[in-house]
Amino acid sequence: MDRTLVIVKPDGVERRLSGEIVARLERKGLSLVAAELRLISREVAQVHYQEHEGKPFFASLVDFITRSPALIMVVEGPENTFKVVRTLMGATNPTDAAPGTIRGDLGIEMTENLIHGSDSPEAAAREISLFFPGLS
Ligand code: IDP
Ligand code: MG
1 MDRTLVIVKP DGVERRLSGE IVARLERKGL SLVAAELRLI SREVAQVHYQ EHEGKPFFAS
61 LVDFITRSPA LIMVVEGPEN TFKVVRTLMG ATNPTDAAPG TIRGDLGIEM TENLIHGSDS
121 PEAAAREISL FFPGLS
């Protein structure tokens, strides 16, 4: 089985869409391996989003992801799980995200796009160990 990291971002939890988002992942055929509602620290947020350090939106991205608790999950599927999740998520900007996707159906603003999913197997491994260091 193959695992990836998913986060229902603070906007999704605030809007009470955690259940809707988890249900979409589960209906697709993915299983939860770990899940915790957690306020992400600024330190962890900066490591998590290190690829975006130096970009104009970096500070506001860190403010956003740390503003209230997020639902952090490890999900598992047969193969290419990161890609399965990315397809369900839709494009980064909800304006461009197709209907039927999480961002396409539930989001309207780029800064509040509901969900994070690792973008490669390498990112999945790094992010799982960042958020769930004890998970075997
Ligand atoms: P992803 O979440 O689809 O993987 P990334 O490019 O990794 O997209 O960007 C991480 C997050 O940073 C996005 O989900 C979004 O919340 C935010 N973001 C990305 N680009 C912009 C931008 O140009 N302006 C504001 N926020 C952005
Ligand atoms: Mg990304």
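Heads up: the sequence shown runs through residues 1 to 136, numbered per full-length UniProt numbering. The beta carbon of each residue, even a glycine, is placed where N, CA and C say it ideally should be.
Rounded straight-line distance, which links the Cα of residue j to that of residue i
i           : j      : result
GLU109      : MET1   : 34 Å
ILE128      : LEU17  : 22 Å
PRO99       : ASP105 : 5 Å
LEU39       : LEU114 : 15 Å
LEU32       : GLU79  : 15 Å
residue 142 : VAL22  : In this structure the chain extends from 1 to 136, so residue 142 is not present and cannot be described.
Best match in the options for proximity to residue i [C-alpha to C-alpha]
i     : options                       : result
SER60 : ALA70, LEU71, VAL75 and ARG42 : ARG42
THR66 : LYS55, GLU79, VAL44 and GLN50 : VAL44
PRO94 : THR87, GLU112 and GLU79       : GLU112
Residue environment, residue i, which counts as buried when at least 16 other CB atoms sit within 10 Å
i      : result
PHE57  : exposed
GLY117 : buried
GLY90  : buried
8 Å CB neighbourhood of residue i in its chain, flanking five on each side removed
i     : result
LEU30 : VAL75, GLU76, GLY77, THR81, VAL84 and VAL85
LYS9  : PHE64, ILE65, ALA70, GLU112, ASN113, LEU114, ILE115 and HIS116
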